[in-house]
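Using the numbering used here, the letters of the sequence shown map in sequence onto residues 3 to 353.
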Amino acid sequence: MDAAESLEIIGEIASQQWGLCTAKQARAEGVTPLTLSRLETRGGLIRVRHGVYATVGTMMSPALDVKAQWLALRPEMMAADRVHDPTLASESVISHTTAAELWGIGDLWPDGIHFTVNRRRQSRQPEVQFHRNKLDDHEWTLHPEHNLPITTAARTIVDLALDGHEPQHLLDLIADASEKQLLQEPELLSAFAGNETAFGLPKGDQEGLRMLWKECFPPVPAAIMEEQIQRAVAKALEPFAEELKALVAKMPLQTDFHSSNVEEALQNMLAGRAATAHALEATHKQLAETIVHSEGLKTLWLSTPLPPSHTAKPQGESCATTSKTKGAPRSDRFSTEEGSKPRRKEAKRRI
Numbered sequence: 003m004d005a006a007e008s009l010e011i012i013g014e015i016a017s018q019q020w021g022l023c024t025a026k027q028a029r030a031e032g033v034t035p036l037t038l039s040r041l042e043t044r045g046g047l048i049r050v051r052h053g054v055y056a057t058v059g060t061m062m063s064p065a066l067d068v069k070a071q072w073l074a075l076r077p078e079m080m081a082a083d084r085v086h087d088p089t090l091a092s093e094s095v096i097s098h099t100t101a102a103e104l105w106g107i108g109d110l111w112p113d114g115i116h117f118t119v120n121r122r123r124q125s126r127q128p129e130v131q132f133h134r135n136k137l138d139d140h141e142w143t144l145h146p147e148h149n150l151p152i153t154t155a156a157r158t159i160v161d162l163a164l165d166g167h168e169p170q171h172l173l174d175l176i177a178d179a180s181e182k183q184l185l186q187e188p189e190l191l192s193a194f195a196g197n198e199t200a201f202g203l204p205k206g207d208q209e210g211l212r213m214l215w216k217e218c219f220p221p222v223p224a225a226i227m228e229e230q231i232q233r234a235v236a237k238a239l240e241p242f243a244e245e246l247k248a249l250v251a252k253m254p255l256q257t258d259f260h261s262s263n264v265e266e267a268l269q270n271m272l273a274g275r276a277a278t279a280h281a282l283e284a285t286h287k288q289l290a291e292t293i294v295h296s297e298g299l300k301t302l303w304l305s306t307p308l309p310p311s312h313t314a315k316p317q318g319e320s321c322a323t324t325s326k327t328k329g330a331p332r333s334d335r336f337s338t339e340e341g342s343k344p345r346r347k348e349a350k351r352r353i
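This is the structure in C-alpha cells:
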C-alpha cells in the first residue's frame, strides 16, 4: 500500500472523529505503524499523543487533546460506536476540572485530563488522571458541542467539592452553570445530599445550601420560563408526535378515484394532517401556560433536568487546584472548534 492510499484510508477514518485516527484503527484497515511513522516524518500526519494522529489541517486545541486521550482509552473502536452505546460511553467519562472547562463554568487552573472510570485503569500519559467510580445514568451525558461522555454540571461540581475546592470557587461554578441553564437548584440540592459539609454546613442542612445559593438561582422571568417549559414539553412529546405522524402517513386515501372530487378529497386529507400538527403545537403551549401559572407544577418542572436545545446544551484520588487570580480572563481553552473535515464518498456512522 503506497503513501497516498494510506493517507486516504486515514483521512476517511479521521473525518468521522474530529480529524483523529488511532494507530489500531489504521492497522485494522491495513496501514502499518511503520507507514504511520513515515507519514508523520514527511509531514503527512501530526502525532497528537502516542498512538493517535491528526490529519494535516486539523486545528490543534486543548479540546482536541482531550478527544485524543479519550480515543486512546479504546483505540480499536470508532468514536461513534462508543458514544452511541451507553454501556461503552459510561466506561470513561470526562470529569472534574476537565468537565468544568468543557462546560465553560468556573475559573480553575487546568490540572490534567480527568476521566471517571468504572474499573481500575492506568495511563502512561502523566497528564491523564483516573477516578474510579460508578456513575448513575443521570450523572453523565453527551456534551452537545463535542459529543463526548461528560459528567453533568451538577455531578462535576460535586466532584470538585469532594476534591476540596473552596466554597467560593464552588459558588462561582454554580453561578456559571445556572446562568448557562446547565442545572436547576433542586437537581443540585439532590446531588449534594449528604455532602453539605463541603460548604461548611452541618450534614443534611439543605436549607443552609438554599440560602448560600440564593444569588446563584435568581427567579426566572415568566416569559423565559414559558419558553423553557414549551421546549421541555415538546421534547417529552417527541416520541408520541413521531408515532402519530407515522400513523397518519399510513392512512389510506379514502376517496372514489372515479369521482371528479379526487383533488378536493386529497386536500381535505392533507388539511387533516395539518390540523393534527397544529393541535400538537397548541398542546405544547397550553401545557406551558398551565405550568407557569401553577406553583405545584412549576416546582415539579424545576425538579426535572431541562433538555438542551440544539444551539446550547443532551473517584479516586485527586488534588484540588488553585483558582486563577480574580479579574483574570476566563480560560476558554475548549471553545476552539476543530477545523472542518472533508466529506468522504463513503462514511461509517458519524458522531
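Glycine residues also receive a C-beta, built at the ideal position from the N, C-alpha and C atoms. As the structure is a prediction and not an experimental result, all values here were calculated from the model.
In the three-state scheme derived from DSSP, where H, G and I count as helix and E and B as strand, Arg121 is classed as coil. In terms of CA proximity to Glu198, Ala163 leads the group Gln183, Pro188 and Ala163.
Taking Gly206 as reference, the option from Arg76, Pro88, Met62 and Leu191 with the minimal CA-CA separation is Leu191. Annotation for Gln170: the continuous alpha helix (DSSP H) segment containing it runs Pro169 to Glu181. The beta carbon of Thr158 is closer than 6 Å to those of Ala101 and Ala102 in its chain, skipping five residues each way along the sequence. Counting the other Cβ atoms within 10 Å of the Cβ of Pro241 gives fewer than 16, which makes it exposed. In the three-state reduction of the DSSP assignment, Phe132 falls in the strand class, which pools E and B. For Ala56, the enclosing beta strand (DSSP E) begins and ends at Val54 to Thr57. Sequence-distant Cβ neighbours of Gln127 in its own chain, meaning closer than 7 Å and more than five residues away, are Arg51 and Gln71. Put simply, of Arg84, Leu75 and Pro64 the residue whose alpha carbon is nearest the alpha carbon of Thr99 is Pro64. Under the 10 Å beta carbon count, Gly45 is surrounded by fewer than 16 other beta carbons and is classified as exposed. Assignment of Ile159 by DSSP, reduced to helix, strand and coil, places it in the helix class. Under the DSSP assignment, Pro35 falls in the alpha helix (DSSP H) whose first and last residues are Pro35 to Thr43. When DSSP states are grouped into helix, strand and coil, Arg233 belongs to the helix group. Glu245 and Ala236 have their C-alpha atoms spaced approximately 14 Å apart. Annotation for Thr143: the continuous beta strand (DSSP E) segment containing it runs Trp142 to Leu144. Counted as a single uninterrupted DSSP element, the alpha helix (DSSP H) harbouring Ser8 occupies residues Ala5 to Ala16.
Within the region 67-118, the complete beta strand (DSSP E) segments of 3 residues or longer fall at 94-96, listed in chain order.
Burial is judged here by how many other beta carbons sit within 10 angstroms of a residue's own beta carbon; His116 has at least 16 and is buried.
Distances from the alpha-carbon of Leu184 to those of Val68, Arg40, Gly106 and Ala28 put Gly106 closest. The region 27-40 makes contact with the region 6-18, as at least three CB pairs between them are under 8 Å. With fewer than 16 other beta carbons inside 10 angstroms of its own, Asp139 counts as exposed. DSSP places Thr60 in the coil class of the three-state scheme, outside both helix and strand. Taking C-beta atoms as the reference points, Cys218 and Leu144 fail to come closer than 9 Å.
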